[in-house]
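S.K.: Once you've had a glance at the structure underneath, I'll fire off some questions.
Residue numbers (UniProt numbering): 1 to 1037.
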């Protein structure tokens, strides 16, 4: 009977170069054999057995290994289809009876002898072989123990036999075992480890038989035998060493020999090879033995890993990296694990490993190269739920100690010349990157917080509060110059910024996790953390900040910002403690108050204090129903817009949630007047969306002498840890129409520079010959100039109290701080004017994108036509202004064949002129939020439209759409914007058609005119009607 070709090709797949292809071929082979029945089954199984045994003689090592593993699987999956006798016959004929003629054939046959032994041991057939085949099997294996190239594998195969071999096989090894013992005790050699392994393996099962051969009991706890073990570990093959460790574990004497092993492999004089061997042993023990980890996972193990992984250029970096990755996969429970580590289930848990790292080497991840596996990061990414609170507390404690103490752990990554240091104490003088260490600690504290919030919030609230207070204290040490004697290393600007960023990120995560939005029902589902919990954490932070502010004020008594900060903190703290647990809007307002209060500690400026004061007043008006002056919702909207101007995502999240709650509770209804173009909240938002940052600069080039300060708003540049300063338009009175035209040739620049130099020399000469005259100086004007200079220098300016009467030398730390601040101040004021304007436009553009969050809330959650329809009208109005941006962008994209410097100048010019205009694509995304409205919200909206008073807004938006459609220079995106709004209008008016048949007439009549134009004019590609058909289903209405 012939065998089909598809089946035969699977054996070619076992010889493929790619390992994945070999595995795939093995799986297909087993699946195909499982499907065979009847007479065909016998044929296929016989052929498979013979072909797999024959493949053990393949010349290629990877092919032999593939056939070996496939044969073992075949024998395990189909134990009844092949008897041990049939298997022995196949091996005898195909392998042991073969007569190789070439060197390659002889080498492959020797490897096949060893492979047959391993197959018999792995499949459990070794204990079923008869004496005749045992003789055939053992004779070539014993001969291979004399071969230099194969002796390690031969001794290893014999040691594996001892685990299952029958007694008659042991009898045939008597002479070999006696010779092995004599060679072991004579002197140490390269095969000492192999000899020792054979004796230990047979001693475990056949102690009495060994005694008859005059081989005494071998106790590794005795000094002479322990020396043999250590010598074997140092000089034997990896597989032999791991089997020796297994024998040690079987005898439960690891604690006895471990110190000796560690001292032998970890001495400073040892090579990297021995360190790698030590790490192999440690990983093997961790992955294959239970309850042996406390002393194995010592600081020496982590330091060894850290040294070898600190630089990817080290010779053993790939091997150690793979070893650590395999160990982590085994601990985490991944299936991608090396087979040598799969023999037993590992009892080491991620929790225990993280605890060991925290105790011995908390900065382990930091000292590893970026391309190496990082155990702590892997644990938090793959198994965060398995971590206990005790372990997290220990890890946080060790991290904070590493942050505070100047003497941190080091590795070759940080101390490159550590081997060249004659005195170990010199290590303390080596410059370590403390900023990087501190930022690493802060980042991992954030990771711990994320784990607590997701899996351990109920019992981890106290630990969470400790981390938040620690981050707050570190941030205030820089921003408010609070003295902190516990810190051994000063806090740099980068560390402080990163610390504040992480703190804001944690609070942002808490706010977003407190409420999960169900997009179908619009209902809020409370998860682990609640709004009240966030308020309690804010109270805890502010209570921690008050004494620090008090201490800072006592040190810097002349700093009014700190005094104002302390007063606002106390007011906010008093307000937060009066939260109403039943009033969700009140909770969001107080969360916003807490977030702004924490943010004010990082930027203690007047703007943040005003926001807090307005929040306090706003809450008072709401709770006491005060109707005099502006409505509380208008004040709160203005506060929200002020908070959005700061570049912190935390504030963006809390303001959006607060505004959304205001929309859901219909807080704006009482402020809507039919005579106004927009409701009060939309008017405030629209004022920002319609602001152009460059319009005053454009006007200034025409009439520089006119005073327009009353007609414009000063724009703010926000920079963390610097005072917020208003950039007056007089400083920016320059032509910004085409900055690319301002490029001056090198020769012109040199001429200008020479002229300035000559004029300066002339002025110097005239000054030197001039007669000093007394000049009346206006003290107010002088003070104003001084204040201007102080503002320009920022943190580089000296305190007013440091006058001539109190002269002193700066410390090195103070000098470095002044130099850094001066450099930053000069960098800001040396920037080109067009770059300043470009940054200004970009800031305004980012603020407008944040304002779109508020309009999204209206379109998605509001059921009030007097709010939704004007919002669409406002977006339509903004969209008209964005046509200018889209046209300029298309023109700018066409000019791509320019030099790099010209491209950069053109980009700067483009941002300066159009960076503050929202793109139409973003406006379209905002409009599309109506598609996510819940059915309940839309039903209430349609019901409200039945009120005749609401038809005013509907007619106004339809007329705005018609006027916008008549725009001559509209683009494809603008037409898409119109289509999305029209689709919403028609969907909303459809249920009202029976009751108000003429309601949609204005818009429908215009669309009919468009249709008539399409039918009567061949040039109709730009008509709204055709584009509308392609974007929405108008024909269904």
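Built from N, CA and C at the ideal position, the CB exists for glycine as well. These numbers come from a predicted model, not from an experiment.
(1) Note the first and the last residue of the continuous alpha helix (DSSP H) segment covering residue 368.
(2) Let me know the secondary structure DSSP gives residue 1038 once reduced to three states.
(3) Using a Cβ distance threshold of 8 Å, determine whether the region 251 to 267 contacts the region 321 to 328, with at least three qualifying pairs required.
(4) Closest by CA to residue 70, which one among 127, 11, 101?
(5) Exposed or buried, residue 64, counting other C-beta atoms within 10 Å across all chains shown (16 or more means buried)?
(6) Taking 6 Å as the cut-off, is the C-beta of residue 61 nearer than that to any heavy atom in the ligand ZN?
(7) Does the distance from the C-beta atom of residue 644 to that of residue 655 stay below 7 Å?
(8) Return the CA-CA distance between residue 636 and residue 992, expressed in angstroms with no decimal places.
(9) Does the region 865 to 878 come close enough to the region 949 to 957 to have 3 or more Cβ pairs within less than 8 Å?
(10) Please name the residue, chosen from 885, 980, 940, that lies closest to residue 926 on a Cα-to-Cα basis.
(11) Identify the continuous alpha helix (DSSP H) that holds residue 476 and give its terminal residues.
(12) Counting C-beta neighbours from all protein chains within 10 Å, is the total for residue 85 16 or more, i.e. buried, or is it exposed?
(13) May I have the straight-line CA-CA distance separating residue 601 from residue 943, to the nearest angstrom?
(14) Just the C-alpha distance for residue 216 and residue 113, rounded to the nearest angstrom, thanks.
(15) Look at the alpha carbon of residue 253 and the alpha carbon of residue 196, and state the distance between them as a whole number of angstroms.
(16) Could you check what DSSP says for residue 304 in three-state terms: helix, strand or coil?
(17) If you draw a straight line from the C-alpha of residue 399 to the C-alpha of residue 389, how long is it?
(18) Look at the alpha carbon of residue 962 and the alpha carbon of residue 1009, and state the distance between them as a whole number of angstroms.
(19) Rounded to whole angstroms, what is the Cα-Cα separation between residue 650 and residue 659?
(20) Got a sec? Which residues, its chain only, sit under 8 Å from residue 75 by beta carbon, not counting five neighbours each side?
(21) Would you call the region 585 to 598 and the region 608 to 623 touching, i.e. three or more CB-CB distances under 8 Å?
(22) In angstroms, rounded to a whole number, what distance separates the CA positions of residue 17 and residue 57?
(23) Check for me: the alpha helix (DSSP H) holding residue 592 runs from which residue to which?
(24) Which full runs of the alpha helix (DSSP H) of 4+ residues lie inside the region 44 to 95, going along the chain?
(25) Please classify residue 150: is it buried, with 16 or more other beta-carbons within 10 angstroms of its beta-carbon, or exposed?
(26) Throw me the rounded Cβ distance for the residue 469 and residue 540 pair, which I believe falls under 8 Å.
(27) If we count Cβ pairs, one from each stretch, closer than 8 Å, do we get three or more for the region 547 to 562 versus the region 491 to 499?
(28) Would residue 453 and residue 377 qualify as a contact pair, given that the criterion is a beta-carbon distance under 7 Å?
(29) Between the alpha carbons of residue 157 and residue 201, how many angstroms are there, rounded?
(30) In this structure, does DSSP put residue 951 in helix, strand or coil?
(31) So is residue 405 buried or exposed if we call it buried at 16+ other beta carbons inside 10 Å?
(32) Using only the alpha-carbon positions, how far apart do residue 415 and residue 304 sit?
(33) Note down, in chain order, each residue of its chain lying with its Cβ closer than 7 Å to the Cβ of residue 257, except the 5 sequence neighbours on either side.
(34) Which class does residue 164 belong to by DSSP, given the choice of helix, strand or coil?
(35) If you run the structure through DSSP and keep just helix, strand and coil, what is residue 647?
M.R.: Per the coordinate set shown:
(1) For the purposes of this step, residue 368 is identified with residue 368 of the chain shown, where counting begins at 1. No alpha helix (DSSP H) holds residue 368; DSSP gives it neither H nor E.
(2) A query on residue 1038 cannot be resolved here, the shown segment of the chain reaching from 1 to 1037 and no further.
(3) no
(4) Taking the first residue of the chain shown as position 1, residue 70 is located at position 70. It is 11 whose Cα lies nearest to the Cα of residue 70.
(5) Position 64 of the chain shown, counted from the start, is the residue given in the question as residue 64. The residue is buried, with at least 16 neighbouring Cβ atoms inside 10 Å.
(6) As presented, the structure is devoid of all ligands, the ligand ZN included, so that no description of it is given.
(7) Numbered from its first residue, the chain shown carries residue 644 at position 644. Numbered from its first residue, the chain shown carries residue 655 at position 655. Result yes, Cβ atoms of residue 644 and residue 655 sit closer than 7 Å.
(8) Start at 1 with the first residue of the chain shown, and residue 636 comes out as number 636. Start at 1 with the first residue of the chain shown, and residue 992 comes out as number 992. Rounded to whole angstroms, residue 636 to residue 992 spans 35 Å at the Cα level.
(9) yes
(10) In the chain shown, counting from the first residue as 1, residue 926 sits at position 926. It is 980 whose Cα lies nearest to the Cα of residue 926.
(11) For the purposes of this step, residue 476 is taken as the residue at position 476 of the chain shown. Here the alpha helix (DSSP H) through residue 476 covers 457 to 479.
(12) Reading the chain shown from its first residue, position 85 is the one you call residue 85. Exposed: under 16 other Cβ atoms inside 10 Å.
(13) Start at 1 with the first residue of the chain shown, and residue 601 comes out as number 601. Start at 1 with the first residue of the chain shown, and residue 943 comes out as number 943. Cα to Cα, the separation comes out at about 48 Å.
(14) Here residue 216 corresponds to residue number 216 of the chain shown, with the count starting at 1. Here residue 113 corresponds to residue number 113 of the chain shown, with the count starting at 1. Each residue's alpha carbon lies about 31 Å from the other.
(15) Counting from one through the chain shown, the residue named residue 253 turns up at place 253. Counting from one through the chain shown, the residue named residue 196 turns up at place 196. If you take the alpha carbons of residue 253 and residue 196, they lie about 16 Å apart.
(16) Working through the chain shown from its first residue, we reach residue 304 at position 304. DSSP places residue 304 in helix when its eight states are reduced to three.
(17) Position 399 of the chain shown holds residue 399. Position 389 of the chain shown holds residue 389. The straight-line gap from Cα to Cα measures roughly 15 Å.
(18) On the chain shown, residue 962 is found 962 positions in, with the first residue counted as 1. On the chain shown, residue 1009 is found 1009 positions in, with the first residue counted as 1. Those two C-alpha atoms are separated by around 11 Å.
(19) Translated into positions along the chain shown, residue 650 becomes position 650. Translated into positions along the chain shown, residue 659 becomes position 659. Approximately 14 Å, taken between the alpha carbons.
(20) In the chain shown, the residue the question calls residue 75 occupies position 75. The residues are 82, 87, 119, 123, 125.
(21) yes
(22) What you label residue 17 is simply residue 17 of the chain shown in a count that begins at 1. What you label residue 57 is simply residue 57 of the chain shown in a count that begins at 1. When rounded, the distance between both Cα atoms is 17 Å.
(23) What you label residue 592 is simply residue 592 of the chain shown in a count that begins at 1. Note, residue 592: alpha helix (DSSP H), 584 to 602.
(24) 61 to 77, 84 to 91
(25) Translated into the one-based positions of the chain shown, residue 150 becomes position 150. It is buried - the Cβ of residue 150 has at least 16 other Cβ atoms within 10 Å.
(26) Mapped onto the chain shown, residue 469 falls at position 469. Mapped onto the chain shown, residue 540 falls at position 540. Confirmed, about 7 Å.
(27) no
(28) Mapped onto the chain shown, residue 453 falls at position 453. Mapped onto the chain shown, residue 377 falls at position 377. The answer is no: Cβ separation not under 7 Å.
(29) The residue given as residue 157 occupies position 157 in the chain shown. The residue given as residue 201 occupies position 201 in the chain shown. Near 11 Å, if we compare the C-alpha coordinates of residue 201 and residue 157.
(30) As a working mapping, residue 951 is identified with position 951 in the chain shown. DSSP places residue 951 in helix when its eight states are reduced to three.
(31) For the purposes of this step, residue 405 is taken as the residue at position 405 of the chain shown. The residue is exposed, with fewer than 16 neighbouring Cβ atoms inside 10 Å.
(32) Mapped onto the chain shown, residue 415 falls at position 415. Mapped onto the chain shown, residue 304 falls at position 304. Note that residue 415 scores 41 on pLDDT, short of 50, meaning its location in the model is unreliable and no value can be drawn from it.
(33) Locating residue 257 in the chain shown gives position 257, where the first residue counts as 1. Cβ within range, chain order: 220, 226, 229, 248.
(34) Along the chain shown, read from residue 1 onward, the residue named residue 164 stands at position 164. Three-state result, residue 164: coil.
(35) The sequence position of residue 647 within the chain shown is 647, counting from 1. Residue 647: coil per DSSP, three-state reduction.
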